[in-house]
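For reference, the structure is listed below as structure tokens.
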Amino acid sequence: MAPLKRILLVEDSERDIELTLAALEENNLANEVVVARDGAEALDYLYGRGKFAGHANGLPVVVLLDLKMPKVDGLEVLRQMRNDTGLKHVPVVMITSSREEQDLVKSYQLGVNAYVVKPVDFQQFVDSVKEIGFFWAIINEPPPGSLKRHG
Amino acid sequence: MKTSVENKVVVGFATSVLALLGLGWLSYQTSINSTTAQDWVTHTYKVVATLEQGRAILTDAETAQRGYLLTGDEIFSKDTQNAQSRVAGWLVNLRQLTADNLEQQKRLDELHPLISQRLAMLNNRIQLRREKGFQAAVDAVATRQGTALSQKIQNAITAMRDAEDQLLLQRQQALRADTRFAEATILIATALAVIIGLVAVIFIHRDLKKRREAEEILRQSEERARLMIGSIKDYAVIMLDPGGRVMSWNEGARSIKGYTAEEIVGQHFSKFYPQESVREGWVEKMLSEATAKGRFEHEGWRVRKDGSRFWADVIVTAMRGTDGGLLGFVKVTRDLTERKRAEQVQEERDRFFELSRDMICVAGFDGYFKSINPAWERTLGFSREELLASPFIAFVHSEDHAATQAEAQKLSGGEETINFENRYRCKDGSYRWFAWSARAAIPQKLIYAAARDITEQKLAREKIIQLNADLRRHAVQLEAANKELEAFSYSVSHDLRAPLRHIDGFVKLFDKQENGNLDDRGRRYLGIIADSARRMGALIDDLLIFSRMGRSELRRSRLETNSLISEVVDSLQTEIQGRRIVWKIDTLPQVEADAAMLRQVWANLIGNAVKYSRPRDPAEIEIGYKAENGEFVFFVRDNGVGFDMQYAHKLFGVFQRLHRAEEFEGTGIGLANVQRIIHRHSGRVWAEGKLDEGATFYFSLPQIKIITATKE
Chain A
5 MAPLKRILLV EDSERDIELT LAALEENNLA NEVVVARDGA EALDYLYGRG KFAGHANGLP
65 VVVLLDLKMP KVDGLEVLRQ MRNDTGLKHV PVVMITSSRE EQDLVKSYQL GVNAYVVKPV
125 DFQQFVDSVK EIGFFWAIIN EPPPGSLKRH G
Chain B
62 MKTSVENKVV VGFATSVLAL LGLGWLSYQT SINSTTAQDW VTHTYKVVAT LEQGRAILTD
122 AETAQRGYLL TGDEIFSKDT QNAQSRVAGW LVNLRQLTAD NLEQQKRLDE LHPLISQRLA
182 MLNNRIQLRR EKGFQAAVDA VATRQGTALS QKIQNAITAM RDAEDQLLLQ RQQALRADTR
242 FAEATILIAT ALAVIIGLVA VIFIHRDLKK RREAEEILRQ SEERARLMIG SIKDYAVIML
302 DPGGRVMSWN EGARSIKGYT AEEIVGQHFS KFYPQESVRE GWVEKMLSEA TAKGRFEHEG
362 WRVRKDGSRF WADVIVTAMR GTDGGLLGFV KVTRDLTERK RAEQVQEERD RFFELSRDMI
422 CVAGFDGYFK SINPAWERTL GFSREELLAS PFIAFVHSED HAATQAEAQK LSGGEETINF
482 ENRYRCKDGS YRWFAWSARA AIPQKLIYAA ARDITEQKLA REKIIQLNAD LRRHAVQLEA
542 ANKELEAFSY SVSHDLRAPL RHIDGFVKLF DKQENGNLDD RGRRYLGIIA DSARRMGALI
602 DDLLIFSRMG RSELRRSRLE TNSLISEVVD SLQTEIQGRR IVWKIDTLPQ VEADAAMLRQ
662 VWANLIGNAV KYSRPRDPAE IEIGYKAENG EFVFFVRDNG VGFDMQYAHK LFGVFQRLHR
722 AEEFEGTGIG LANVQRIIHR HSGRVWAEGK LDEGATFYFS LPQIKIITAT KE
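This is how it looks when you write it as structure tokens:
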């Protein structure tokens, strides 16, 4: 199977990871999904360090970023990415349970590309993931340096 | 002077009259004397004439005898007899005439017998002729006896005549002497009277001259007095007749009262009094008092010609003639308005000083009070004497001594004291807080100060500080609570929803996985699980919104109400689809409000109207407003299922529902949210309804112009 654009999913909840992957699967968006279990891991991945050291990662086409995580939360990851010249153009979609306005505001201030509230209704979530994946992983032309679809 | 002249006139006149009377009397006496003398002269002439008459009678008798002797004719005899009777009458007459002269009487006594002899001789010869004839008679005659006797008689008469002539001479001389004396006396008396008259005239003239001079002096002095009174400017000096009408007017009256003499003379002086004084009978009282006591003084308001009032001091003095009769009144008026005002100002200052609740004092640089107002005694309980007896520092709280003395030092250096605070001791040992403002009069070495008792304010201030501290603590607590609440709702937002999401998600995955193996009941259970999770998700969402509506900041802007409503109606399309709804939406005014919040309000109310009118076909929804009392009252009316008014109070409570979820879905937070939002916009919200007849929900918002007005 030809490798699709790589997606970085940053999520601390195992259950959410499973649901998200199920939703992606449901929408036939089985791109290579790298899962980071918290912000620190996500940054390690993006910078190719820690347990991702030595991997020729390349940048993901999109980062699906949970907001509330232990250690380094989503907003901090976003902040560091936007402050890094190599990472600042990587699209980031905030996927979160929160409808809190402050989170929304902060996210956009930090330069998030999209903000999606995970609905309780799974079907709605599936629909949302479908839209997100479709747009960011297929339609959107990623900035140079991102991993291209191979062959 | 006057009496002296009159006395002199009387004395002079009396003297002149007496002199004239004397003169008259003298003249009268002199004239009586000379008349007597004249009478005597006349008498003497009469005696002389009578003596000569006797000679003639005797001659007649002799002649008649001779005739008879010659003729014998009896006619001659008769003549002789006739002559004889005449001689008798003559003798009587002569005796009477010479009764005053004894010598002549004696001579007459001698004469009388001679005449009687002669007459007897005559008769004898006549007898002789008749009886003895002519010759006998001639013979007798020839004896010459008769002739000798006649000669004797003639001699006697001549002697008498000589005596009378002698008397006549004497009497004429006396008469002349009397006449001369009278002339001299009259002359002297006249001269005397003239001299007395002249002297009197001179004296009187002199006195009259003096009197004229005195009168001139008096006239001049009166003129001066008149001019003086007339030109007095500060006093109105006027004369009134007994009835109170103005008789004279001076410059002062003109300048004080404003009338000219021409305007006012003859008018009643009540014109100068305010109506109320006239009504109270002041005018009559003044005149009657002045009449009774001679003088009446009074101070009061008077009226000028132009109607303005002035404060006058008036003295009315009754004028009486020398006979005591009332001639009128002198009325002296002084304009004391300025003094009255000054007095009033002074009085007010005094009263202010007396009544002031603030402690007012004058203190010397020597540290003692010089003057204090009664507020000191009232506030501190010390008597005035006690307060003046000791230096003021003795009453100051020992902790405030240094500051107080420093302040006094500053004052004496010319600085002002503003809001200096210290404590003064009361007689009961307690202390009162005073706030001072003061200034010093350096040349007089005096401090003028006023203090306000701020003890209560101090306590209140302390209380306020206490309350403020409490409030700050509460605020901090509240803020902490709020933060906790925020953290809580944040956490709810994230963490409470995740398990629900998982429930729903894995139910779906399970269903997908196991669909073929599940019977209907199993599928229904899964449906209920998923539905419950979703329902809880909705509840959490609504609760979060509700919480956010209470906490988040209001962002007011001007909103087009109608476009807001259009948006809301559009968002309800899924609800509306397939239903017949008659919309009646008024043209609504703009409001100033938080857009998101107000959208929430309309969404709730319109959503409710749509939801609860579901059983109606067609449903009718009316949206309108009215402006009243500076606010807009909006309403949303539907013809839906309505509600029972007895539960109206539950409509706006959180999680309060009047319908079961199976009838009408909902979380029971929508109207609570509406109320919270409207309250935050200073509005009110209420509802009217009737079961099965629809409901009307009202809310009010302040009108825009009022909001902008309060903003400015």
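In the order they appear, the protein sequences are chains A and B.
Taken in order, the first sequence gives residues 5 to 155; the numbers are from the numbering used here.
Taken in order, the second sequence gives residues 62 to 773; the numbers are from the numbering used here.
Using N, Cα and C, we set each Cβ at its ideal position, and we do this for glycine too.
On a predicted model such as this, the values are computed, not experimentally measured, just so you know.
- For the 8 Å CB-CB criterion, B:G425 and B:K506 form a contact.
- Proximity to A:V130 across B:R562, B:Q736, B:A709 and B:A688 peaks at B:R562, based on C-alpha coordinates.
- According to DSSP, B:P452 shares a beta bridge with B:Y429.
- Leaving aside the five residues that flank B:D647 on each side, the residues in its chain whose CB is nearer than 7 Å to its CB run, in chain order, I684, G685 and Y686.
- When secondary structure is reduced to three states using DSSP, B:K488 falls in the coil class, being assigned neither helix nor strand.
- Put simply, the backbone Cα of B:S593 is about 12 Å away from that of B:T728.
- Interface with chain B (8 Å Cβ-Cβ cutoff): A:K134 is excluded.
- Spatial neighbours of A:A118 in its own chain (CB-CB distance under 6 Å, excluding positions within 5 residues in sequence) are listed in chain order as V97.
- Here the region 104-111 of chain A lies against the region 71-87 of chain A, with 3 or more beta-carbon pairs under 8 Å apart.
- The shortest C-alpha to C-alpha distance from B:A464 to any of B:A403, B:Y485 and B:A450 is the one to B:Y485.
- Listed in chain order, the non-local C-beta contacts of B:E636 below 6 Å within the same chain comprise V671, local neighbours out to five positions each way being set aside.
- Below the 7 Å Cβ cutoff, chain B contributes R558, L561, R562, D565, A594, R595 and G598 as neighbours of A:V124, in chain order.
- Closest option to B:I218, judged by alpha-carbon separation, among B:L605, B:D367, B:Y586 and B:L175: B:L175.
- When only Cα atoms are considered, B:F453 and B:E476 end up about 20 Å apart.
- Straight across, the Cα-Cα distance linking B:Y129 with B:T103 is about 38 Å.
- Annotation: B:W151 is outside any beta strand (DSSP E); the continuous alpha helix (DSSP H) that includes it extends over E135 to L158.
- Of the residues assessed, B:D411 falls on the exposed side of the cut-off, its CB having fewer than 16 other CB atoms within 10 angstroms.
- The count of Cβ pairs closer than 8 Å, one atom from the region 620-631 of chain B and one from the region 547-561 of chain B, stays below three, leaving the stretches out of contact.
- Between B:I257 and B:L269, the alpha-carbon positions lie close to 18 Å from each other.
- DSSP, read as helix, strand or coil, puts B:D367 in coil.
- The C-alpha of B:M300 is placed about 17 Å away from the C-alpha of B:A373.
- Nearest neighbour of B:I118 by Cα position, chosen from B:A351, B:K107 and B:D140, turns out to be B:D140.
- For B:T111 against B:L155, the beta-carbon gap comes to about 5 Å, under 8 Å, which counts as contact.
- Taking 8 Å as the upper bound on Cβ-Cβ separation, chain A lies near residues K569 and L570 of the region 569-581 of chain B.
- A contact is defined here as three or more CB-CB pairs under 8 Å, and the region 99-108 of chain A meets this definition with respect to the region 51-71 of chain A.
- At a cut-off of 8 Å, the C-beta of B:L719 has no neighbouring C-beta in chain A.
- Within chain B, the residues A559, P560, R562, H563, G566 and F567 have their CB atoms less than 9 Å from the CB of A:R19, given in chain order.
- Around the Cβ of B:Y759, a 10 Å sphere holds 16 or more other Cβ atoms; the residue is buried.
- The Cβ atoms of B:F704 and B:L752 lie closer than 8 Å to each other.
- In the three-state reduction of the DSSP assignment, A:G78 falls in the helix class.
- Among the residues facing chain A, B:D602 is included, as its CB has a counterpart in that chain under 8 Å away.
- Taking 8 Å as the cut-off between beta carbons, the residues of the region 600-632 of chain B near chain A are D602, L605, R609 and S613, in sequence order.
- Secondary-structure assignment with DSSP links B:A510 through a beta bridge to B:C422 and B:A499.
- DSSP places B:I515 outside both helix and strand once states are collapsed to three, so it counts as coil.
- Scanning its chain for C-beta atoms nearer than 7 Å, with the 5 sequence neighbours on each side dropped, one finds around B:R677 the residues N700 and G701, in chain order.
- Between B:S473 and B:F443, the alpha-carbon positions lie close to 26 Å from each other.
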